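First up is the structure itself, then whatever we jot down about it.
There are 2 protein chains.
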Amino acid sequence: MSDTGLDMAKVTLQSVADEVGVSRMTVSNAFSRPDQLSKDLRERILATAERLGYSGPDPAARALARGRTGSVGLLLNGPLSEAFEDDVSAEFVAAVADELTRRGLALTVLTPPQDDGFLPARDVAVDGALVYTCDPASAGVAWLGRRKLPVVAVDQDLGTDVTTIGVDDLSGARAGAQHLLDLGHRRIGVLALTEQFALDPPNRDRLLGWRETLAGAGVEPVVARTTLLPRSAALEAATELLESSDVTAVLCFDDVFARAVIAAAAALGRSVPDDLSVVGYDDSRVATAGVPALTTVRQDVTTKGHLAAGALADLLGGRAASSHTLPTELVVRDSTGPVPTP
Amino acid sequence: MSDTGLDMAKVTLQSVADEVGVSRMTVSNAFSRPDQLSKDLRERILATAERLGYSGPDPAARALARGRTGSVGLLLNGPLSEAFEDDVSAEFVAAVADELTRRGLALTVLTPPQDDGFLPARDVAVDGALVYTCDPASAGVAWLGRRKLPVVAVDQDLGTDVTTIGVDDLSGARAGAQHLLDLGHRRIGVLALTEQFALDPPNRDRLLGWRETLAGAGVEPVVARTTLLPRSAALEAATELLESSDVTAVLCFDDVFARAVIAAAAALGRSVPDDLSVVGYDDSRVATAGVPALTTVRQDVTTKGHLAAGALADLLGGRAASSHTLPTELVVRDSTGPVPTP
DNA sequence: CTGAAAGCGCTAACAG
DNA sequence: CTGTTAGCGCTTTCAG
Numbered sequence: 001m002s003d004t005g006l007d008m009a010k011v012t013l014q015s016v017a018d019e020v021g022v023s024r025m026t027v028s029n030a031f032s033r034p035d036q037l038s039k040d041l042r043e044r045i046l047a048t049a050e051r052l053g054y055s056g057p058d059p060a061a062r063a064l065a066r067g068r069t070g071s072v073g074l075l076l077n078g079p080l081s082e083a084f085e086d087d088v089s090a091e092f093v094a095a096v097a098d099e100l101t102r103r104g105l106a107l108t109v110l111t112p113p114q115d116d117g118f119l120p121a122r123d124v125a126v127d128g129a130l131v132y133t134c135d136p137a138s139a140g141v142a143w144l145g146r147r148k149l150p151v152v153a154v155d156q157d158l159g160t161d162v163t164t165i166g167v168d169d170l171s172g173a174r175a176g177a178q179h180l181l182d183l184g185h186r187r188i189g190v191l192a193l194t195e196q197f198a199l200d201p202p203n204r205d206r207l208l209g210w211r212e213t214l215a216g217a218g219v220e221p222v223v224a225r226t227t228l229l230p231r232s233a234a235l236e237a238a239t240e241l242l243e244s245s246d247v248t249a250v251l252c253f254d255d256v257f258a259r260a261v262i263a264a265a266a267a268l269g270r271s272v273p274d275d276l277s278v279v280g281y282d283d284s285r286v287a288t289a290g291v292p293a294l295t296t297v298r299q300d301v302t303t304k305g306h307l308a309a310g311a312l313a314d315l316l317g318g319r320a321a322s323s324h325t326l327p328t329e330l331v332v333r334d335s336t337g338p339v340p341t342p
Numbered sequence: 001m002s003d004t005g006l007d008m009a010k011v012t013l014q015s016v017a018d019e020v021g022v023s024r025m026t027v028s029n030a031f032s033r034p035d036q037l038s039k040d041l042r043e044r045i046l047a048t049a050e051r052l053g054y055s056g057p058d059p060a061a062r063a064l065a066r067g068r069t070g071s072v073g074l075l076l077n078g079p080l081s082e083a084f085e086d087d088v089s090a091e092f093v094a095a096v097a098d099e100l101t102r103r104g105l106a107l108t109v110l111t112p113p114q115d116d117g118f119l120p121a122r123d124v125a126v127d128g129a130l131v132y133t134c135d136p137a138s139a140g141v142a143w144l145g146r147r148k149l150p151v152v153a154v155d156q157d158l159g160t161d162v163t164t165i166g167v168d169d170l171s172g173a174r175a176g177a178q179h180l181l182d183l184g185h186r187r188i189g190v191l192a193l194t195e196q197f198a199l200d201p202p203n204r205d206r207l208l209g210w211r212e213t214l215a216g217a218g219v220e221p222v223v224a225r226t227t228l229l230p231r232s233a234a235l236e237a238a239t240e241l242l243e244s245s246d247v248t249a250v251l252c253f254d255d256v257f258a259r260a261v262i263a264a265a266a267a268l269g270r271s272v273p274d275d276l277s278v279v280g281y282d283d284s285r286v287a288t289a290g291v292p293a294l295t296t297v298r299q300d301v302t303t304k305g306h307l308a309a310g311a312l313a314d315l316l317g318g319r320a321a322s323s324h325t326l327p328t329e330l331v332v333r334d335s336t337g338p339v340p341t342p
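So the protein lines, in turn, are chains R and L.
Counting in the numbering used here, the first sequence runs from 1 upward without gaps.
Counting in the numbering used here, the second sequence runs from 1 upward without gaps.
Written as structure tokens, this is what we have:
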């Protein structure tokens, strides 16, 4: 509807240059380096471009010529549902995107390949990538390496030469476990992710932290494992844990699992924190959204996202980027209490 | 660590060709059109490429030569936090990304510009875009049009010539309102989005549907308005609504608002559904995650995402794409009941 | 099945 | 301030 006519021949920098009667380079400068030409000429060029329906330098061509695409990848492994439908991941992604935009970069989601020939981590043009919730041995990570793209790892161990943004889950987990010990609990269960995540830093470190601290008091936890999806899995695992053991407290991989434990307890006629204490992790929205409010270990996901995006942007800008380990903090609320006296 | 040596001169199709002793084109074919050369030669080429550390055709160069980047944009307006931290949006994005991957496309988030020169909708290389939760008059939408990119609108009115995937919110809202009327309610409140979203199809149609149906029974609703963020806003608005009126039921823009109304009611000593009936919208996770389970209007967000991504992929593939209006369904649970008898 | 020619649309670098 | 010279790395014809 808004075509100037039938000149559907693609409008390029050259067409505009010809029309104005200057060289292609001058038009390029008019768009990309305003200070390189007289204000007057620039306006004349811009006006002509507008009239011709030229929408600015073609991003793909510019990417090739400049060697930068202006967008960075976010490499994810599991199904996207896991990444986007989980509050914590979603908050992370939002923070990343926010910070990237601020730095003049867009975010491209590098999904795990689903069929034959298309492998995002290999085939999509990006300047660098954030590696999040990925199996470090995955094909995606390998491709990024082959492409020699700048990479920032988040909650991942990709090697000491890779800038890494992580969380001090070891301390966080220890604090949670110590809290239960302090309350007198000695029969303690933990609800972690399945063995498949044995090497995933968050799962690994939380488990390790719990175990270390409990071991210090001579306590061997009852370990139950489950998955993020389907959501019903956690409830089942929690029910099974409560039915098959006599734990008085449970340490959970995240707040969602903690809610599942509370729900399972309720279904079994046990109330939290009177009959059972439950500790979550993350201090996500669900921690305070329900009753009782969760005792949990807080991590600052938004800062994690900002730092990760910022580090990658620094790398792309040729600046140095340093790794960070963010602190955690135990937040005591209403889901934990003294060990029940029988 | 894995460099073959000091040959840091960039490895290109040409280097590989030279090394193998064939033309550049043959190497290109080895990667992009396996059936165009002998299996034997192909393997020799691939092996040499591997040895040289060649990671396949450069995506940016390929994008320019082919005229396709292999990634599509998702244009969002508000802060990303709104898009990613809301269950419904997150589910939509996950569904979109899943379907796109299946079709051999990646997803690039086109965020609203935050500063000076960088305008994702104008500057990022994509083959097409999905327009979601955007002001139709926004600069982003205009740029996509200028670039003549194929576009699919989701829950938006971008004109009849734009493929649109939407939801029959009018019917959904009517069903919710009728449900309350059937239960005998006559003093009814509605909690919608602020005037800023007056033209946003979901907000507009839900409001319209409620009004129409209530008007049919001579009921004029008490209208309260609030925003998605900060989350506390809805609670305040709900409290205000309940305190300043004597409604016996509230129709809400979404399930999150419904939960806020229930929380506000509880704080005022009113229980749901005995003293107050509440109808949500979306049938999202929070609808069934809390107590009482919400009576709500269900929409299939995942299908919406699949359809939108599929339609855009079709457009990019030169196929026709048709618009769809997805149905809604009233789901009656425990947050609504007969009008209380004083 | 393989190769040569001709760009895709733009931008660095430097010359005028 | 403006224009020239060279590509960025790949793919599309179309010949051989």
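A virtual CB, placed ideally from N, CA and C, is assigned to each residue, including glycine.
These figures come from a predicted structure and were not determined experimentally.
> For Val-93(L) versus Leu-105(L), is the C-beta distance shorter than 9 Å?
Replying inline: Annotated as distal: Val-93(L) and Leu-105(L), with beta-carbon spacing of 9 Å or more.
> Does any CB atom of chain L fall closer than 9 Å to the CB of Val-109(R)?
Replying inline: By this cut-off, Val-109(R) is an interface position.
>> Do Gly-189(L) and Ser-232(L) count as a contact pair if the criterion is CB distance below 9 Å?
In response: No, these two residues do not count as a Cβ contact at 9 Å.
> Given that a residue counts as buried once 16 or more other Cβ atoms are within 10 Å of its Cβ, and exposed if not, what is Leu-199(L)?
Replying inline: Looking at its Cβ environment, which holds fewer than 16 other Cβ atoms inside 10 Å, Leu-199(L) is exposed.
>> Suppose the cutoff is 7 Å on Cβ atoms and the five residues either side in sequence are ignored; what does the same chain contact list for Ala-264(R) look like?
In response: So the list reads Leu-235, Ala-238, Thr-239 and Leu-242, once near-sequence residues are dropped.
> What in chain L is Cβ-close to Thr-164(R), meaning under 7 Å?
Replying inline: Simply none; closest approach about 17 Å.
> Taking Tyr-132(L) as the reference, which of Ser-89(L), Phe-118(L) and Asp-254(L) has the closest Cα?
Replying inline: That would be Ser-89(L), whose Cα lies nearest to the Cα of Tyr-132(L).
> Between Arg-24(L) and Val-27(R), what straight-line distance do the alpha-carbon atoms span, to the nearest angstrom?
Replying inline: Between the C-alpha atoms of Arg-24(L) and Val-27(R) there is a straight-line separation of about 33 Å.
>> Can you look up Val-131(R) in the DSSP assignment and give me helix, strand or coil?
In response: In the structure shown, Val-131(R) sits in a strand (DSSP, three-state: E or B).
> Can you tell me the Cα-Cα spacing of Ala-224(L) and Arg-285(R), whole angstroms?
Replying inline: Ala-224(L) and Arg-285(R): Cα-Cα distance of roughly 25 Å.
> Hey, does Gln-36(L) have any beta-carbon neighbour from chain R nearer than 9 Å?
Replying inline: Using beta-carbon distances, Gln-36(L) does not count as an interface residue toward chain R, since no partner is under 9 Å.
> Should Ala-30(L) be flagged as near chain R, meaning a C-beta pair shorter than 9 Å?
Replying inline: No, because no Cβ of chain R sits closer than 9 Å to the Cβ of Ala-30(L).
> Which residues in the same chain have their Cβ closer than 8 Å to the Cβ of Thr-213(R), if we skip the five residues on either side of it in sequence?
Replying inline: Contacts found: Ala-173, Arg-174, Ala-177, Gln-178 and Leu-181.
> Hey, is Phe-118(L)'s beta-carbon within less than 9 Å of any beta-carbon in chain R?
Replying inline: Chain R, which has a Cβ nearer than 9 Å to the Cβ of Phe-118(L), makes this yes.
> In the structure shown, what three-state DSSP assignment does Ser-402(R) receive?
Replying inline: Nothing in the structure corresponds to residue 402(R), since chain R is present only between 1 and 342.
> What residue from Gly-140(R), Ala-65(R), Val-154(R) and Leu-158(R) has the CA that sits closest to Leu-119(R)'s CA?
Replying inline: Ranking the options by Cα distance to Leu-119(R), first place goes to Gly-140(R).
>> With DSSP as the reference, identify every bridge partner of Leu-326(R), one or two as the case may be.
In response: In DSSP, Leu-326(R) forms a bridge with Val-167(R).
> If you drop the 5 nearest sequence neighbours on each side, which residues of the same chain put their C-beta closer than 6 Å to that of Val-331(R)?
Replying inline: Excluding the 5 residues flanking it on each side, Val-331(R) has same chain C-beta neighbours closer than 6 Å at Asp-283, Thr-296 and Arg-298, in chain order.
>> Just verifying my parser: in three-state terms, what is the DSSP assignment at Ala-321(R)?
In response: Correct three-state label for Ala-321(R): coil.
> Whose Cβ in chain L lies nearer than 7 Å to the Cβ of Gly-343(R)?
Replying inline: Because chain R in this structure spans residues 1 to 342, residue 343(R) falls outside the shown range and cannot be described.
> So Arg-103(L) is in the alpha helix (DSSP H); what residue range does that whole segment cover?
Replying inline: From DSSP, Arg-103(L) is part of no alpha helix (DSSP H); its letter is neither H nor E.
> Who are the near neighbours of Val-124(R) in its chain, counting only those whose CB is closer than 7 Å to its CB and skipping five residues on each side?
Replying inline: Closer than 7 Å at Cβ, skipping near neighbours: Gly-73, Thr-108 and Leu-110.
> Do Thr-226(L) and Ala-192(L) have their CB atoms nearer than 9 Å?
Replying inline: Yes, they are a contact pair.
> If the cut is a Cβ gap below 8 Å, which residues of chain L does Ala-63(R) touch?
Replying inline: Ordered by position in chain L, the residues that pass the 8 Å Cβ test against Ala-63(R) are Ala-60, Ala-63, Leu-64 and Ala-125.
>> Helix, strand or coil, according to DSSP, for Val-109(R) in the structure here?
In response: Of the three classes helix, strand and coil, the one that applies to Val-109(R) here is strand, per DSSP.
>> Just verifying my parser: in three-state terms, what is the DSSP assignment at Val-27(L)?
In response: Shown here, Val-27(L) sits in a helix according to DSSP, grouped into three states.
>> What would DSSP say about Gly-159(L), mapped onto helix, strand or coil?
In response: In this structure, DSSP gives Gly-159(L) a state outside helix and strand, which the three-state scheme calls coil.
>> Give me, in chain order, the residues of the same chain whose beta-carbon lies closer than 8 Å to that of Val-126(L); leave out the 5 immediate sequence neighbours on both sides.
In response: So the qualifying residues of the chain are Thr-69, Ser-71, Val-72, Gly-73, Thr-108, Leu-110 and Leu-149.
> So, Val-151(R) versus Thr-248(R), is the Cβ gap smaller than 9 Å?
Replying inline: Pairing Val-151(R) with Thr-248(R) gives a Cβ-Cβ distance that is not under 9 Å.
>> Looking at chain L, is there any beta carbon in it that lies within less than 9 Å of the beta carbon of Lys-148(R)?
In response: Output row for Lys-148(R): interface = yes.
> To the nearest angstrom, how far is it from the Cα of Leu-312(L) to the Cα of Thr-328(R)?
Replying inline: About 43 Å.
>> Please report the straight-line C-alpha distance between Leu-316(L) and Gly-128(L), rounded to a whole angstrom.
In response: Roughly 7 Å between the two C-alpha positions.
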